[in-house]
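Student:
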Amino acid sequence: MNVIRDLISGAWTGALDLVFAPICVACREPVSTTEPERIVCRVCWTRCRPLPAPRCDRCWGPVPAREDPRPKCRTCGEWPAAVRSIRSAFVMGTEPRALVHALKYGGWRAAAEPMSARMAAMTWPRDVDDEARLVVAVPTSRSRLRERGYNQAVLLADGFARRTGRASAPGLLVRTRASATQTALHPGERKANVARAFTAPAAGAGELRGEHVILVDDVWTTGATALACSQALLEAGARVVSVATFARVIPELER
Ligand SMILES: [Zn+2]
Ligand SMILES: [Zn+2]
Numbered sequence: 001m002n003v004i005r006d007l008i009s010g011a012w013t014g015a016l017d018l019v020f021a022p023i024c025v026a027c028r029e030p031v032s033t034t035e036p037e038r039i040v041c042r043v044c045w046t047r048c049r050p051l052p053a054p055r056c057d058r059c060w061g062p063v064p065a066r067e068d069p070r071p072k073c074r075t076c077g078e079w080p081a082a083v084r085s086i087r088s089a090f091v092m093g094t095e096p097r098a099l100v101h102a103l104k105y106g107g108w109r110a111a112a113e114p115m116s117a118r119m120a121a122m123t124w125p126r127d128v129d130d131e132a133r134l135v136v137a138v139p140t141s142r143s144r145l146r147e148r149g150y151n152q153a154v155l156l157a158d159g160f161a162r163r164t165g166r167a168s169a170p171g172l173l174v175r176t177r178a179s180a181t182q183t184a185l186h187p188g189e190r191k192a193n194v195a196r197a198f199t200a201p202a203a204g205a206g207e208l209r210g211e212h213v214i215l216v217d218d219v220w221t222t223g224a225t226a227l228a229c230s231q232a233l234l235e236a237g238a239r240v241v242s243v244a245t246f247a248r249v250i251p252e253l254e255r
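Given below as structure tokens:
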């Protein structure tokens with residue numbers, strides 16, 4: 001009986017796959033039904049590249065090889081000490097960009113699951129592993145939330161927190177004013193655009209006090225948004241902030 005049932009259920013799954021053939025959200029090719037993740041194909045994952053070595057221990061930005069003493073990191077050398085560590089799962093490129101677009105603009109909420117799984121696999125300095133218990137997403141504006149129905153950073157933060165045994169705490173950080181979209185702005189303009197755009201409401205101050213928070217966003221471009229958010233969290237009582245993103249724009253490495 002079990003054999004027959006398995007055959008029938010197998011036939012059903014096969015028939016459903018013919019009707020609703022899974023399509024990779026990044027390349028739009030069919031995803032093989034034998035693949036564990038039906039939303040992104042194996043080929044696209046292999047084309048996503050981790051941040052290359054040698055990289056800065058603190059921010060994973062590119063650093064020159066074999067220089068002794070190592071010069072100040074060009075990326076994080078000027079940051080406040082309370083911004084501890086930055087990690088990104090992949091260098092921005094064709095496939096990571098397609099995934100971010102699918103999640104952000106294409107309504108593919110389910111893409112947040114495999115994306116946050118890659119973020120959860122990143123390695124951190126020991127003190128981050130030991131101390132950081134709270135995960136906070138970069139907030140979006142009310143109007144964008146209304147338009148999209150969700151904040152992609154919250155979906156990534158929830159998945160990342162669940163997979164790393166941390167608590168996702170939405171609401172600890174809010175956007176106080178809608179800033180213009182960052183996409184078309186130069187680095188200096190981006191910084192001015194997001195300065196003071198975020199605040200941590202007083203109601204969450206008790207939860208933040210003394211904590212090492214991991215801030216989550218989909219993409220790290222110039223760091224202006226993440227640093228503005230970090231500043232707001234630190235001013236509200238957080239002790240240290242680290243940042244996790246799915247992709248990182250490294251202009252010299254863009255394909
Ligand atoms: Zn694909
Ligand atoms: Zn660095």
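Here the UniProt record's numbering is used: the first residue of the sequence shown is 1, the next is one more, and so on. Glycine included, each C-beta is placed from N, C-alpha and C at the ideal position. None of the values given here were measured: they were computed from a predicted structure.
Among V83, P114, G61, A21, which one has its Cα closest to the Cα of C44?
Tutor: Cα-wise, what sits closest to C44 is P114.
Student: List the residues that DSSP assigns as beta-bridge partners of S85.
Tutor: BP columns for S85 are empty, so no partner.
Student: Quick test of your reading: Q152 and D218, contact by CB under 8 Å. State the CB separation rounded to the nearest angstrom.
Tutor: Rounded, the Cβ-Cβ distance is 5 Å, consistent with contact.
Student: Report the start-end ranges of each alpha helix (DSSP H) in the segment 18-52 that is 4 residues or longer and not cut off at the edges.
Tutor: Listed in chain order, they are 42-47.
Student: Need the endpoints of the alpha helix (DSSP H) that A205 sits in, please.
Tutor: Residues 205-208.
Student: Can you have a look at R196 and say buried or exposed, based on whether 16 or more other CB atoms are within 10 angstroms of its CB?
Tutor: So R196 ends up on the exposed side.
Student: Tell me, please, whether the segment 185-194 touches the segment 221-240 by the rule of three or more beta-carbon pairs shorter than 8 Å.
Tutor: The segment 185-194 vs the segment 221-240: in contact.
Student: Taking 8 Å as the cut-off, decide whether the C-beta atoms of V243 and L234 are in contact.
Tutor: Result no, Cβ atoms of V243 and L234 do not sit closer than 8 Å.
Student: Alpha carbons only, please: which of R38, S230, R163, C229 is nearest the one belonging to W108?
Tutor: The option with the nearest alpha carbon to W108 is R38.
Student: Are there any heavy atoms of ligand 2 lying less than 7 Å away from the beta-carbon of R58, as far as the coordinates show?
Tutor: Result yes, Cβ under 7 Å from ligand 2.
Student: Do A132 and I23 have their beta-carbon atoms positioned less than 8 Å apart in this structure?
Tutor: No, the pair does not count as a contact, with Cβ atoms beyond the cut-off.
Student: Look up L156 in the DSSP assignment and say whether it is helix, strand or coil.
Tutor: L156: helix per DSSP, three-state reduction.
Student: From A82, E78, I86, pick the residue whose C-alpha is nearest to that of G61; which is it?
Tutor: Comparing Cα-Cα distances from G61 to each of A82, E78, I86, the minimum goes to I86.
Student: Is the beta carbon of V194 sitting closer than 8 Å to the one on P170?
Tutor: Taking 8 Å as the Cβ cut-off, V194 and P170 do not qualify as a contacting pair.
Student: Would the segment 138-146 and the segment 97-106 be scored as touching if the rule is three or more Cβ pairs under 8 Å?
Tutor: Cβ pair count under 8 Å is below three, so no.
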